[in-house]
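Have a look at the structure below before the remarks.
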């Protein structure tokens, strides 16, 4: 109750401060406007204020903007030049001869302040109690390039950038349809970061859309810096290693999920987007699966499922076999293992933990170092440390092979968040195997399955289409059947339109 009352009081204080700001209106005196500008931007040396006289009308004007946030070329050519050489008759502030596509008349100082911070220019005119907000954003932007973290085999080489408008336009190129809806929100009381929801209006489930929109509106924070922070605020369960939203930097992947009835969340300043609702099997899919033969794609997809299980239980199985169930190991193999472990003084559990932690340290070091140096450190460090550890008798040769196979299995997964979840789950499974053997592994897997069944993403069962069972959706889960057989959208998305294509195989069958 105390937390609820505290939240209410904070909201009331915030609304009162907003109302006080809204009460401040633009004065018709130009000097008063300049004084208020300097008061509101007292410690902002990048605030540019330019006084000039409008031609033919002889009325003084004041233009204000932030250096580096506005495009000076646009200001000079489309605002200052027309006004300094204006020949049209002045009637009101809306008739000014400025060639800016987007303009807005306002008298609210809060809106003016937010507009200047977002890169807009503000034009005050002496004697007018209103001003013009002009769209002149022009901060430095990165060019569209190939995605850095998601490799592309046959797909588009374009990746998202840090501009909300450019990211939306890249998706529009894939879906030039009027039903592609864009809903814009602002998060962060100080940052006012733009967030856009993209979806097909005649396909998306209204309940899922309302739930996501409610989560975006129900939290208050000073600022959202990256997409990971936003994901934590809108996910349903924070106490799980499994991702509940798919993050991607590929426009073709985002467009494909929109066509399946999902919602894409784009945040300004971020080259990554969020996609929801998602299921566990969706994280094993890659856009490149649909660019290759369906038999090959099905084999690779099943390989990913097997690798996910191996990445979790392979070290645990090694520990359980050596600690409790060595009689299950073939005689020739157990003799080889015994020979390699002859000089190792520590039990298998410590041996495995030492190697796994060392591998994680090498992986993290490779990520933090420059790309060329990081690859060298990862390869050389792994070989040198592994060989030195075996020579010193700290670990056995078999343990090095098990850890290497586990690492390769985690690399196969196309989603980095899911691979990280498998890496984390590996440690409790090793402890369970050391304490209870195979029984501990079975109990751990049962607990993991129960946890996955209870998870949901925006109300969608996370374990779908396996629990609850939806046989029709298996065409694009464990395997990837031919595209012409997948004529329905995923049932777990609960879309308004389930049919997405006509049922036929080729042009000859249609006649």
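Numbering (the working numbering), first residue to last: -9 to 501. Beta carbons: idealized from backbone N, C-alpha and C, even for Gly.
Check your understanding: Count the other CB atoms within 10 Å of the CB of residue 286; is the residue buried (16 or more) or exposed (fewer)?
Key -> The residue labelled residue 286 in the question sits at position 296 within the chain shown. Exposed, because fewer than 16 other Cβ atoms sit within 10 Å of the Cβ of residue 286.
Review point. Hey, how far is the Cα of residue 217 from the Cα of residue 236?
Key: Stepping through the chain shown from its first residue, residue 217 is reached at position 227. Stepping through the chain shown from its first residue, residue 236 is reached at position 246. The alpha-carbon separation between residue 217 and residue 236 amounts to approximately 11 Å.
Check your understanding: Is it buried or exposed for residue 41, if we count other Cβ within 10 angstroms and need 16 for buried?
Key -> Locating residue 41 in the chain shown gives position 51, counting from the first residue. Counting other Cβ atoms within 10 Å of its Cβ, residue 41 stays below 16 and is therefore classed as exposed.
Exercise for review: Would you check if the segment 197 to 216 and the segment 227 to 242 touch, i.e. whether three or more CB-CB distances between them fall below 8 Å?
Suggested key: Two segments are said to touch when three or more pairs of C-beta atoms, one from each, lie closer than 8 Å; by this definition the segment 227 to 242 does not touch the segment 197 to 216.
**Study point:** Beta-bridge partners of residue 257, as assigned by DSSP
**Key:** Here residue 257 is taken as the residue at index 267 of the chain shown, counted from 1. Answer is 185.
Check your understanding: Using DSSP with H/G/I as helix, E/B as strand and the rest coil, what is residue 277?
Key -> To locate residue 277, count along the chain shown from 1; it is residue 287. Here residue 277 carries a helix assignment [DSSP, helix/strand/coil].
Check your understanding: So what's residue 42 in DSSP terms, helix, strand or just coil?
Key -> The residue given as residue 42 occupies position 52 in the chain shown. The three-state secondary structure of residue 42, taken from DSSP, is strand.
Practice item. Assign residue 122 to one of three DSSP states: helix, strand, or coil. Key: Here residue 122 is taken as the residue at index 132 of the chain shown, counted from 1. Of the three classes helix, strand and coil, the one that applies to residue 122 here is strand, per DSSP.
Point to revise | residue 196 in three-state terms, based on DSSP | key: Working through the chain shown from its first residue, we reach residue 196 at position 206. In the structure shown, the three-state DSSP call for residue 196 is helix.
**Study point:** Range covered by the alpha helix (DSSP H) that runs through residue 107
**Key:** On the chain shown, residue 107 is found 117 positions in, with the first residue counted as 1. First-last of the alpha helix (DSSP H) with residue 107: 99 to 107.
Review point. Buried or exposed: which applies to residue 132, given that a residue is buried once 16 or more other Cβ atoms fall within 10 Å of its Cβ?
Key: Within the chain shown, the letter at position 142 stands for residue 132. That one is exposed.
Review point. Helix, strand or coil for residue 180 per DSSP?
Key: Stepping through the chain shown from its first residue, residue 180 is reached at position 190. Residue state, collapsed to three classes: coil.
Review point. What does residue 171 pair with, by DSSP beta-bridge criteria?
Key: In the chain shown, the residue the question calls residue 171 occupies position 181. Beta-bridge analysis with DSSP links residue 171 to 189.
Practice item. Give a yes or no on whether the C-beta atoms belonging to residue 397 and residue 232 are separated by under 9 Å. Key: The residue labelled residue 397 in the question sits at position 407 within the chain shown. The residue labelled residue 232 in the question sits at position 242 within the chain shown. Taking 9 Å as the Cβ cut-off, residue 397 and residue 232 do not qualify as a contacting pair.
Review point. How would you call residue 75, buried or exposed, if buried means at least 16 neighbouring beta carbons within 10 angstroms?
Key: Against the chain shown, residue 75 aligns to sequence position 85. Classification for residue 75: exposed.
Review point. So what's residue 12 in DSSP terms, helix, strand or just coil?
Key: The residue given as residue 12 occupies position 22 in the chain shown. Confidence in residue 12 is poor, its pLDDT being 41 and thus under 50, which makes the residue's placement too unreliable to answer from.
**Study point:** Coil, strand or helix - residue 211 by DSSP
**Key:** Residue 211 sits at position 221 when you count from the first residue of the chain shown. Coil, per DSSP.
Check your understanding: Thinking C-beta only, is residue 226 closer than 9 Å to residue 33?
Key -> Within the chain shown, residue 33 is the residue found at index 43, counting from 1. Within the chain shown, residue 226 is the residue found at index 236, counting from 1. Against a cut-off of 9 Å, the Cβ pair of residue 226 and residue 33 comes out as no contact.
Check your understanding: Secondary structure at residue 238, three-state DSSP: helix, strand or coil?
Key -> Numbered from its first residue, the chain shown carries residue 238 at position 248. If DSSP states are grouped into helix, strand and coil, residue 238 belongs with the strands.
Review point. What is the DSSP secondary structure of residue 112, reduced to helix, strand or coil?
Key: Position 122 of the chain shown, counted from the first residue, corresponds to residue 112. In this structure, residue 112 counts as strand in the three-state DSSP scheme.
Practice item. Label residue -5 either buried or exposed according to how many other C-beta atoms from any shown protein chain fall within 10 Å of its C-beta, with 16 as the threshold for buried. Key: As a working mapping, residue -5 is identified with position 5 in the chain shown. Unreliable positioning characterises residue -5 in this predicted model, as indicated by a pLDDT of 40, which lies under 50. The coordinate reading is nonetheless provided below. So residue -5 counts as exposed.
Practice item. Take residue 489 and list the residues in its own chain whose beta-carbon comes closer than 7 Å to its own, dropping the five residues that flank it on each side. Key: Start at 1 with the first residue of the chain shown, and residue 489 comes out as number 499. Scanning its chain for C-beta atoms nearer than 7 Å, with the 5 sequence neighbours on each side dropped, one finds around residue 489 the residues 477 and 478, in chain order.
Practice item. Could you round the C-beta distance between residue 158 and residue 188 to whole angstroms and report it? I think they count as a contact, below 8 Å. Key: Counted from its first residue, the chain shown places residue 158 at position 168. Counted from its first residue, the chain shown places residue 188 at position 198. Distance from residue 158 to residue 188 at the Cβ level is roughly 7 Å; contact confirmed, criterion being Cβ atoms closer than 8 Å.
Check your understanding: Under a three-way DSSP split, which group does residue 233 fall into?
Key -> Position 243 of the chain shown, counting from 1, holds the residue named residue 233. Here residue 233 sits in coil by DSSP.
Exercise for review: Starting from the C-beta of residue 341, find all residues in its chain whose C-beta is less than 6 Å away, skip the five residues before and the five after it, and write them out in chain order.
Suggested key: To locate residue 341, count along the chain shown from 1; it is residue 351. Sequence-distant Cβ neighbours of residue 341 in its own chain, meaning closer than 6 Å and more than five residues away, are 385 and 389.
Exercise for review: Would you check if the distance between the CB atom of residue 190 and the CB atom of residue 251 is smaller than 9 Å?
Suggested key: Working through the chain shown from its first residue, we reach residue 190 at position 200. Working through the chain shown from its first residue, we reach residue 251 at position 261. Contact check for residue 190 against residue 251 passes: the beta carbons are separated by less than 9 Å.
Point to revise | Nonlocal neighbours in the same chain, by C-beta distance under 6 Å from residue 487, ignoring five residues either side | key: As a first step, residue 487 must be located in the chain shown, where it is residue number 497. Around residue 487, the same chain offers 193 as residues with beta carbons nearer than 6 Å, after the five sequence neighbours per side are excluded.
Review point. Can you tell me the Cα-Cα spacing of residue 71 and residue 65, whole angstroms?
Key: Translated into the one-based positions of the chain shown, residue 71 becomes position 81. Translated into the one-based positions of the chain shown, residue 65 becomes position 75. Using only the alpha carbons, I get a separation of about 8 Å.
Review point. If you count every other CB in all the chains shown that lies within 10 Å of the CB of residue 195, and 16 or more means buried, which is it?
Key: Counting from one through the chain shown, the residue named residue 195 turns up at place 205. Note on residue 195: 16 or more other CB atoms within 10 angstroms of its CB, so buried under the neighbour-count rule.
Check your understanding: What is the C-beta distance between residue 349 and residue 256, in whole angstroms, given that I count them as a contact (C-beta under 8 Å)?
Key -> Taking the first residue of the chain shown as position 1, residue 349 is located at position 359. Taking the first residue of the chain shown as position 1, residue 256 is located at position 266. Between residue 256 and residue 349 the Cβ distance is about 35 Å, and since that is not below 8 Å, they are no contact.
**Study point:** Stretch pair the segment 420 to 428 + the segment 300 to 319: three plus CB contacts closer than 8 Å
**Key:** The answer is yes - the segment 300 to 319 touches the segment 420 to 428, with three or more Cβ pairs under 8 Å.
Point to revise | Unbroken stretches of the alpha helix (DSSP H), 4 residues or longer, contained in the segment 399 to 454 | key: Here the runs fully enclosed are 406 to 426 and 428 to 444.
Review point. Just to confirm, are residue 20 and residue 87 a CB contact at a threshold of 9 Å?
Key: Within the chain shown, the letter at position 30 stands for residue 20. Within the chain shown, the letter at position 97 stands for residue 87. Their beta carbons are not under 9 Å apart, which means residue 20 does not touch residue 87 by this criterion.
Check your understanding: Less than 9 Å separating the beta-carbons of residue 118 and residue 16?
Key -> For this step, residue 118 is matched to residue 128 along the chain shown. For this step, residue 16 is matched to residue 26 along the chain shown. The Cβ-Cβ distance between residue 118 and residue 16 falls below 9 Å.
**Study point:** For residue 291 and residue 253, the rounded distance between their alpha carbons
**Key:** The residue you call residue 253 lines up with position 263 of the chain shown. The residue you call residue 291 lines up with position 301 of the chain shown. Looking at the two C-alpha atoms, the distance is approximately 24 Å.
Review point. Taking the Cβ atom as the reference point for each residue, do residue 59 and residue 120 lie within a distance shorter than 9 Å?
Key: For this step, residue 59 is matched to residue 69 along the chain shown. For this step, residue 120 is matched to residue 130 along the chain shown. If you check the CB distance, residue 59 and residue 120 do not come in under 9 Å.
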